[in-house]
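The listed protein sequences correspond, in order, to chains A and B. Residue numbers for the first sequence follow our numbering, so the first one is 8 and each next one is one higher. Residue numbers for the second sequence follow our numbering, so the first one is 168 and each next one is one higher. Glycine residues also receive a C-beta, built at the ideal position from the N, C-alpha and C atoms. Predicted model, so just to flag it, every value in this text is computed and none were measured. What follows is a single structure, written as structure tokens, with notes after it.
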Amino acid sequence: MMKQIIVIVKKDLKETLRTRAFYFSIAIVLFFMVMLGGVVRGQINSSIEQGLTPAEVIPVIQPLMGTLVFTLSLLVMMLFCLYISAYTLTMEKIKHSLESLLCTPLSLRQIWLGKSLAVFLPSAILGLLFAFAAMAGINQLFIAPQIGQSVTPGAAPLVATLVAAPLIIFFLVTLLIALQLIITNIRWINIAFMGLIFGVGFGISPFVRLGSASWNIVFISLAVAAILALVTMFLSRLVTKERIVLSSKG
Amino acid sequence: MAQPVITLDNVTKMIAGRLILNNISFVVEQGDIFGYLGPNGAGKTTTIRVILGLFPPNSGKVSVLGKSVERDDAREKVGFVLEADGLYDNMTAYENLDYYCQIYGMPSVMKSKRIDEMLELVGLSDRAEDKVSSYSKGMRQKLALARSMLREPDLLILDEPTAGVDPTGQIEVRQTILNSAQRGKTIFLSSHNLDEVQRTCNRIALIDQGEIKLYGELEKLRSDMGKRQITIETGIRTRQQAKLLDGVVAELEALPYVASCDREAQKLRLRLEGRSDVSEIVAILSQKNIDVEEVRKGEISLEEIYAKVTQGSE
């Protein structure tokens, strides 16, 4: 079963790498990284101007780094999953390639999971990659020269970044793919996409303020992931081959 | 009796409250080239979708190769060409076939040999590395056909496989279908092309407004339906004789056992009903000085069968 899912994932990934949208989203992410780097730099400078010693600056910087890594990873993951998922399935439905795929011995769940993983894996990997690259870059450029050592995020933001954020994205992607499978109108799909992404973003943002990285982020993120999982499970009853074919009319 | 390959048993399908298939039943047997005919909107594509497990029927049973279509493995040995070819435009022909080989779990050692064979079979070997977006409609259909036969299916389901294909391409596609049938494959061919069906199929079903109107062996249907029809070849040569022939049409139609009489150049086609007397018809023509060269019974084409059954629905 897994072998066939990997086949779908590999093919979709190849197609994603051929799209301009993918490289456009990388450009947006790089812009975000530069902005966040500026925020951290400003924080360090103001701490030093207040007369804090390097040892006193570390407890100020560490939570900031935590929220930065978590926020950036989630943002990047959401951005990529938005761009990638918007492309893959819509085109396959318009060209009726999906209908042919549904006629193979693959089950609907295999196809759904394959399509979801094809969006989730690059989004999650790139999200983590950019977040940790940003952390390394900020340490190298602004923190180490000022206080003589690197600062890493605490345990809570690391768990939130490595576990909770990918979980949120996984269930968000399965939900987005399910909606794409059963909705005919591209405009409605886009509205649903934006609604979900902003919903998740606003749902988490009150608990993620710069400099206040705590276990709350982990619990809230896991709760959001659980809600998305429940909605996906509910929606899975509506995802049928018939509905997919009938909503593929262009 | 040959093994049933596709069985539809009292299948009803409704979509958005509309009855699309109304209690349809038929059996496609092993080795059949089964023609599935019908006007636009008759329910042909829906039937194919039901057979391929895309649409569950509201009632009735569907089995393919002895398995219920609800099971995903019922499609293990089924190849298909759908109305929309479903090829990936930004992939090459080779990549398209390679993708499906992987989906079917074909071992890597067999894969490239099989792809080359299929591309050779449909005459696309020299365009294997070209993107499908650069292909003509005919080439796309051939590639879709190659994809359908990738792993030696026992059953091929073809929805309008020659639609939009040029005449040479049509002959090639038809030949490929016949070759597959010779290798023992069962073929379910949905088509608008009556000539194609007449040339390739041994059995047919005709669907109209969601109901099977006609079903059986093509030759038997042609002879059964043709029994009540005669064609008279006349020896008219002059314009005056032609006028005579026009005049006699009404006279023949007035006979109690003649349902209709049509003139086609030198021919008269008569549809008979009840107890008929062909010698009386010949006598009437002789009285009018019209030479009768030949009287043929039972000649009815698939086109005529189709027109008769679907009258008024297109």
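Output the distance between the C-alpha atoms of aspartate 362(B) and lysine 464(B), rounded to the nearest integer angstrom. 21 Å
Shortest alpha-carbon distance to asparagine 189(B) belongs to which of Asp199(B), Asn177(B) and Ala311(B)? Asn177(B)
Any contact of the stretch 209-228 of chain B with the stretch 313-331 of chain B, i.e. 3+ C-beta pairs under 8 Å? yes
Are at least three pairs of beta-carbons, each pair with one atom in the stretch 84-103 of chain A and one in the stretch 181-189 of chain A, less than 8 Å apart? yes
For a contact meaning CB atoms closer than 7 Å, what does aspartate 256(B) contact in chain A? Lys102
When you compare only the Cα positions, how much space is there between leucine 264(B) and alanine 241(B)? 21 Å
Name, going along the chain, the residues of the stretch 214-238 of chain B whose beta-carbon falls closer than 8 Å to a beta-carbon of chain A. Arg216, Leu219, Gly220, Leu221, Phe222 and Pro223
How many whole angstroms separate the CB atoms of methionine 285(B) and alanine 313(B), which I take to be in contact at a CB cut-off of 8 Å? 4 Å
Rounded distance between the beta-carbons of lysine 309(B) and valine 289(B), thought under 8 Å: 4 Å
So, does the stretch 161-171 of chain A touch the stretch 222-238 of chain A, judging by three or more C-beta pairs under 8 Å? yes
Alpha carbon to alpha carbon, how far is valine 126(A) from leucine 43(A)? 25 Å
Quick one: does valine 14(A) have its CB under 7 Å from some CB of chain B? yes
Could you give the first and the last residue of the continuous alpha helix (DSSP H) run that contains glycine 414(B)? 406-420
Using the beta-carbon of each residue, which ones in chain B are nearer than 8 Å to valine 126(A)? The premise fails here: valine 126(A) is roughly 17 Å from chain B at the closest Cβ pair, so nothing lies under 8 Å.
Could you give the residue range of the alpha helix (DSSP H) that holds alanine 162(A)? 162-166
Taking only the alpha-carbon atoms, compute the straight-line gap between lysine 228(B) and serine 92(A) and give it to the nearest angstrom. 37 Å
Can you tell me where the alpha helix (DSSP H) with valine 47(A) in it begins and where it stops? 27-56
Using CA atoms only, rank isn't needed, just tell me which of Lys180(B), Tyr203(B), Val276(B) and Leu422(B) is closest to lysine 380(B). Tyr203(B)
Chain A beta carbons: is any one of them nearer than 7 Å to that of aspartate 240(B)? yes
Just tell me which of Thr111(A), Phe77(A), Ile101(A) and Arg244(A) has its CA closest to the CA of arginine 318(B). Thr111(A)
Specify the secondary structure class of proline 129(A) as computed by DSSP and reduced to three states. helix
Distance, Cα to Cα, isoleucine 338(B) vs glutamate 384(B)? 23 Å
Where do the N-terminal and C-terminal ends of the beta strand (DSSP E) with phenylalanine 241(A) fall, by residue? Run containing phenylalanine 241(A): none in the beta strand (DSSP E); it sits in the alpha helix (DSSP H), 222-243.
Taking its Cβ as the centre, do 16 or more other Cβ atoms sit within 10 Å of isoleucine 307(B), making it buried, or is it exposed? Reading the sequence as shown, one finds arginine at residue 307(B) and not isoleucine. The residue is buried, with at least 16 neighbouring Cβ atoms inside 10 Å.
To the nearest whole angstrom, what separates the beta carbons of valine 180(A) and isoleucine 68(A), a pair I think is in contact under 8 Å? The Cβ separation is near 33 Å, so there is no contact.
Counted within 10 angstroms of its Cβ, other Cβ atoms place proline 129(A) as buried (16 or more) or exposed: buried
Minimum length 4: unbroken alpha helix (DSSP H) runs contained in the stretch 422-474 of chain B: 445-454
Give the single residue among Gly205(B), Ser427(B), Ala417(B) and Asp297(B) whose Cα lies nearest to the Cα of glutamine 376(B). Gly205(B)
Best match in Ala417(B), Arg430(B) and Leu439(B) for proximity to tyrosine 424(B) [C-alpha to C-alpha]: Leu439(B)
Under the three-state DSSP convention, the category lysine 352(B) falls into: coil
If contact is defined by three or more beta carbon pairs under 8 Å, each pair taking one atom from either stretch, is the stretch 350-358 of chain B in contact with the stretch 192-202 of chain B? yes
Cα-Cα separation, glycine 73(A) to leucine 165(A): 7 Å
Residues that DSSP places opposite valine 248(B) in a beta bridge: Leu325(B)
Measure the Cβ-Cβ separation of alanine 251(B) and histidine 103(A) and say whether it is below 7 Å. yes
Show which residues of chain A have a CB atom less than 7 Å away from the CB atom of phenylalanine 201(B). Within chain A, no residue comes near phenylalanine 201(B); the closest Cβ sits about 18 Å away, beyond 7 Å.
For glycine 218(A), which residues of its own chain have a beta-carbon under 6 Å away from its beta-carbon, when the five flanking residues on both sides are left out? Summary for glycine 218(A): the model assigns pLDDT 47, below 50, so the residue's position carries little reliability, and this model does not support an answer.
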